[in-house]
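Here the structure comes first, spelled out in structure tokens, and everything after it is commentary.
Protein chains in written order, with my numbering: chain A, 116 to 374; chain B, 1018 to 1318.
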């Protein structure tokens, strides 16, 4: 692995963001407006159910953070596929691993920067985040690991199946969010689905988010459990990614996708 | 060490609608400093072979060696590629594109190198414009600049002049010849323009339905299929019957047509005309072109 290649691809993506007018606005617009809307809802719901408003706000904060971390990486890859520029990158000596790591670095940077802004906005609406910053950072780290793992899995899947499956970049996370029981307890699910939530990367992150709103404790064992599950996703994502690239080289999809 | 060695490469694309055999037992070697042409109709397997060399595709059987090694990111970093219809990110300028690839190719003094190429390819006026605004010719110039950044020992060119107007295509051909002669660059070229291949290539391989049907230098592969060429001479007067018979000519007024199978035969004919006291007013040679060869081989296949 060459660090210089990762830095080169990272800097190139930064150039793309700089060159595309409104790109930064596009990245920040939806998460910021989402938090503003749910922040207003949290204020409004104070007169009915303080905790419900805060649950929605804090869960949305983590949801947006996960979305940024996963989607930014996959969207940058999709742009390279749409513009056909991925071919030049992959035949210039940048390995698929270096390429993916660079995309993940860019999405992590974006998610951390915008996530910080979102956290400050949510705090302004009364979310008790700054007082528990160390736990928030730990939970954000776990959410980031899970999102990155999904980005790697989605990148591999789009490579194997073709450009037309790029919609996974926008949609697959939603399935994982749903089964991670974002605004509600996993107990709401029917028993035959409930077990799935145990294996979702964000179940414990959202559980922690709800705990913030209700003042319930967030235990160390819960964080460790959450970390273990996302770490499993992360560890399994890479062999899948390498298998996917090898398969695309075998089937001819990589050559086709790059032309 | 030959820059490209292809040994027993076979590749079949599996499909529910039936397998497609793209390459069958391909063997070829490209020697250092030569311009080697890969010819063949659409779908013959030329691009498939190049994709295997670029590690974008794995063969089912056989192996490829590039600069003595298996294709890998390290090896790909030492060679370069120009393809017709090259694409870069639409929002980036040539400045951005060349800066990025300078980093990837680890170019010492990248600003100087970029400046050299900008002057060579006359793209100064394009440097701050976004790639999406460029014409086909401008895109190719940028792709060419990127391809020369790392001064590659081996350059793969897949239909490099596709869609270019004749003037730009001619400039590109001149540049390819210069790189080959002055910098000793080995070049593998695929093209549908036969005159281009004829003008540039030392040797060619003709691929048809995934197999090499001919390989060798341009002259010998043409000779193999045609064996002879015609010379038409316009003399100052009608030649005598005995002269015509002696040299096995066909005559129409003062014009004679001879079918020759070697360059010695041409010398003999010219000497005979001189000895017989005729004067040559005009001469035309009708040698088979690579295009004639292409059509003939396709017909034979």
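Ideal placement from N, C-alpha and C gives every residue a C-beta, glycine not left out.
None of the values given here were measured: they were computed from a predicted structure.
Between residue 1111 of chain B and chain A, the shortest Cβ-Cβ separation is not below 8 Å. DSSP places residue 1198 of chain B in the uninterrupted alpha helix (DSSP H) bounded by 1183-1200. For the C-beta of residue 1143 of chain B, not a single chain A residue is nearer than 7 Å; the gap to the nearest is close to 15 Å. Within chain B, 1090, 1091, 1093, 1094 and 1121 have C-beta atoms less than 7 Å from the C-beta of residue 208 of chain A, given in sequence order. Taking the CA atoms as reference points, residue 177 of chain A sits about 44 Å from residue 1069 of chain B. Taking CB atoms only, residue 218 of chain A has no neighbour in chain B less than 8 Å away. For residue 177 of chain A, no beta strand (DSSP E) run applies; the uninterrupted alpha helix (DSSP H) run containing it begins and ends at 165-197, by DSSP. Here residue 1027 of chain B is bridged, per DSSP, to B/1078. Residue range 1272-1277 is occupied by the beta strand (DSSP E) that includes residue 1273 of chain B. The Cβ atoms of residue 1215 of chain B and residue 1306 of chain B sit closer than 8 Å to each other. The beta carbon of residue 1130 of chain B sits closer than 6 Å to those of 1124, all from its chain and outside the five residues before and after it, given in chain order. For residue 1038 of chain B, the enclosing beta strand (DSSP E) covers residues 1037-1047. In the structure shown, residue 1106 of chain B falls within a coil segment according to DSSP collapsed to helix, strand and coil. As a beta-bridge residue in DSSP terms, residue 1056 of chain B pairs with B/1223.
Ranked by Cα distance from residue 1221 of chain B, the options B/1056, B/1170, B/1267 and B/1155 are led by B/1056. Spatial neighbours of residue 217 of chain A in its own chain (CB-CB distance under 6 Å, excluding positions within 5 residues in sequence) are listed in chain order as 121, 124 and 125.
In the three-state DSSP reduction, residue 1269 of chain B falls in the strand class (E or B). For the options B/1018, B/1178, B/1039 and B/1105, the alpha carbon positioned closest to that of residue 367 of chain A is the one of B/1039.
Bounds of any beta strand (DSSP E) do not take in residue 116 of chain A, whose DSSP letter is neither H nor E.
In this structure, residue 1278 of chain B and residue 1244 of chain B form a Cβ contact; the two beta carbons are roughly 6 Å apart against a cut-off of 8 Å.
The shortest C-alpha to C-alpha distance from residue 229 of chain A to any of A/279, A/214 and A/183 is the one to A/183. Taking a beta-carbon distance threshold of 8 Å, residue 1226 of chain B does not count as an interface residue toward chain A. Between residue 140 of chain A and residue 200 of chain A, the alpha-carbon positions lie close to 24 Å from each other. Closest option to residue 1099 of chain B, judged by alpha-carbon separation, among B/1167, B/1237 and B/1110: B/1167. By the 16-neighbour rule on beta-carbons within 10 angstroms, residue 291 of chain A is buried. DSSP places residue 1094 of chain B in the coil class of the three-state scheme, outside both helix and strand. Between residue 318 of chain A and residue 346 of chain A, the CB-CB gap reaches or exceeds 8 Å.
If you draw a straight line from the Cα of residue 196 of chain A to the Cα of residue 166 of chain A, it comes to about 44 Å. For residue 1306 of chain B, there is no enclosing beta strand (DSSP E), as DSSP gives it neither H nor E. Contact between residue 219 of chain A and residue 263 of chain A is confirmed by a C-beta separation of about 5 Å, below the 8 Å threshold.
For residue 1298 of chain B, the secondary structure class from DSSP, reduced to helix, strand or coil, is strand. Taking 9 Å as the upper bound on Cβ-Cβ separation, chain A lies near residues 1028, 1030, 1031 and 1039 of the region 1022-1045 of chain B.
For residue 1134 of chain B, the enclosing alpha helix (DSSP H) starts and ends at 1127-1137.
The three-state secondary structure of residue 333 of chain A, taken from DSSP, is coil. Of the residues A/283, A/198 and A/171, the one whose Cα lies closest to the Cα of residue 1148 of chain B is A/198. Setting aside the 5 residues that flank it on each side, residue 1066 of chain B is surrounded in the same chain by 1023, 1026, 1040, 1043, 1055 and 1224, each with a C-beta closer than 8 Å to its C-beta; the list follows chain order.
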